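In the numbering used here, the protein residues as written are 7 to 430. Each residue gets a CB set at the ideal place from its N, CA and C atoms; glycine is no exception. Everything numeric in this text was worked out from a predicted model, so none of it was measured. Below is one structure, written out as structure tokens; the observations come after it.
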């Protein structure tokens, strides 16, 4: 992703206009970022000293919400540090020690709200009765059914880890077992309403569940994820899937690609010649628990519908079917709900053949000019580790920066436009 950003800034700035006198790197910013037209050392120093202490987000192509995000992250980091350095041996006003408070919360709330275990026999029998999608061979394993089994198995492991550790913490507080360093850290995490590390990572640091900064939202996420999988087992495939609710969303989309490829076996589609094809729907699902609420959605014949995504850096105009500038300048407008997305697959070989018949490169270049290849991330962190896939989104004609017209590809990339599965 860093290489991609460097390439974008290179396309924007390393061009002929930069050599013209008075060139402004971004006329939309409050300060005029220009190359000083002098050869004197003192003049260069004066220009450097005149640069603002805090650069405006506009110089980087970002909107004002980027500054809000930066300050919000700073505040969050400060609060986290304050929590880390607070005394760990103080009791509450009611006279309970921190250990007794944690024990009370475990016994009276957390353990009672944990979902029950999956019954492996009932689950296997229910999955065997699933309706086989049209075009798939009933004698072969159905990719999405295999994915469901894997997700249930992983969530069951998380349930076992959480339930066992909670029970061990209660026994350790009562003096029935040894208070190990791992349990001490876990008790401290619960006291400060954080998620114990072993619930999110294994001993090697690999993520095994989902990352959340707060204990309450993590436990809530567990219940929502359990409900989606249990509903899938009991009632067959839902009309739309909550992508956030999967621990391996990449695996889910790979299974979708495999199913579509098999459905097109008569047309001799090959998996290594297939890519994702997405279409933004006009339906919005704004429930916070991952369910579709009372929305009446029809299942698609090929591919799947997914929901629960948030857009950062811009917003989607449902009527026009394209990206547009994000409205508002407060926390409520930082993330925008994104409509239901239809995800299926198409063969890249057919695309190339069609483009060659229609003029080839021109149609591809036109696609890049009118659309933005938007990344979809599992979390807010913009790293390849959390990148799920990318979708083409229709965009406007871009914007002007003085003498140069910025293409939608560069415009929305500089603004950091992305789809997120989680706002935390």
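Check                                                                                                                                                                                                : Outcome
Note down the Cα distance separating residue 14 from residue 378, rounded to an integer number of angstroms.                                                                                         : 13 angstroms
What does DSSP give as the partner residues of residue 283 in its beta bridges?                                                                                                                      : 350
Look at residue 331 and residue 426 and say whether their C-beta atoms are less than 8 angstroms apart.                                                                                              : no
Expressed to the nearest angstrom, what Euclidean distance is found between the alpha-carbon atoms of residue 87 and residue 120?                                                                    : 30 angstroms
Closer than 6 angstroms by C-beta to residue 16: which residues in its own chain qualify, once you throw out the five before and the five after it? Chain order, please.                             : none
Just to confirm, are residue 4 and residue 200 a CB contact at a threshold of 8 angstroms?                                                                                                           : The first residue shown for the chain is 7 and the last is 430, placing residue 4 beyond what the model contains.
Taking the alpha-carbon of residue 386 as reference, which of 429, 413, 422 and 412 has the nearest alpha-carbon?                                                                                    : 429
If you reduce the DSSP assignment to three classes, tell me which class residue 412 lands in.                                                                                                        : strand
Looking only at its own chain, which residues have a Cβ that is under 6 angstroms from the Cβ of residue 342, when we skip the five neighbours before and after it?                                  : 317 and 321
Quick one: Cα of residue 10 to Cα of residue 417, how far?                                                                                                                                           : 14 angstroms
Taking the beta carbon of residue 313 as the centre, do at least 16 other beta carbons fall within 10 Å, making it buried, or is it exposed?                                                         : buried
The beta strand (DSSP E) with residue 219 in it runs from where to where?                                                                                                                            : Counting along the chain, residue 219 falls outside any beta strand (DSSP E), and DSSP gives it neither H nor E.
Can you tell me whether residue 419 is helix, strand or coil according to DSSP?                                                                                                                      : helix
Go to residue 424, then tell me how far its beta strand (DSSP E) extends in each direction, as first and last residue.                                                                               : 424 to 426
Please give the ranges of any beta strand (DSSP E) in the segment 288 to 355, keeping only runs that are unbroken, at least 3 residues long and fully inside the region.                             : 310 to 313, 316 to 318, 321 to 323, 328 to 330, 341 to 343 and 347 to 353
According to DSSP, what are the bridge partners of residue 393?                                                                                                                                      : 383
For the candidate residues 297, 263 and 304, whose alpha-carbon lies nearest to that of residue 284?                                                                                                 : 263
If you draw a straight line from the C-alpha of residue 136 to the C-alpha of residue 80, how long is it?                                                                                            : 49 angstroms
Judging by CA-CA distance, which residue of 399, 231 and 140 is the nearest neighbour of residue 271?                                                                                                : 140
Based on Cα-Cα distance, which residue from 214, 193, 115 and 122 lies nearest to residue 164?                                                                                                       : 214
For the alpha helix (DSSP H) that residue 10 lies in, which residues bound it at each end?                                                                                                           : 8 to 19
What is the DSSP secondary structure of residue 30, counted as helix, strand or coil?                                                                                                                : strand
DSSP on residue 232, reduced to helix/strand/coil?                                                                                                                                                   : helix
Spell out the partners DSSP gives residue 248 in its beta bridges.                                                                                                                                   : 313
How long is the line joining the alpha carbons of residue 26 and residue 328, rounded to whole angstroms?                                                                                            : 35 angstroms
Rounding to the nearest angstrom, what Cα-Cα distance links residue 247 and residue 24 in this structure?                                                                                            : 48 angstroms
Give every residue of the same chain whose Cβ lies closer than 8 angstroms to the Cβ of residue 287, excluding the five residues on either side of it in the sequence, and list them in chain order. : 311, 345, 346, 347 and 348
Determine the burial state of residue 77: buried for a count of at least 16 other Cβ atoms within 10 Å of its Cβ, exposed for fewer.                                                                 : exposed
With distance defined between alpha-carbon atoms, name the residue in 32, 281, 339 and 46 nearest to residue 355.                                                                                    : 281
Can you give, in chain order, each stretch of the alpha helix (DSSP H) that sits fully within the segment 184 to 222 and has at least 4 residues?                                                    : 187 to 197 and 203 to 206
Under DSSP, the alpha helix (DSSP H) around residue 76 begins and ends at which residues?                                                                                                            : 71 to 91
Contact between the segment 140 to 151 and the segment 179 to 198 is defined here as three or more beta-carbon pairs at a separation below 8 angstroms; is this criterion met?                       : no
Under the DSSP definition of a beta bridge, which residues are partnered with residue 399?                                                                                                           : 378
DSSP state of residue 241, grouped into three classes?                                                                                                                                               : helix
Relative to the C-alpha of residue 208, which candidate in 276, 168, 117 and 34 has its C-alpha closest?                                                                                             : 168
For residue 105, I'd like the list of residues in its chain whose CB is within less than 7 angstroms of its CB, leaving aside the five on either flank, ordered along the chain.                     : 179 and 193
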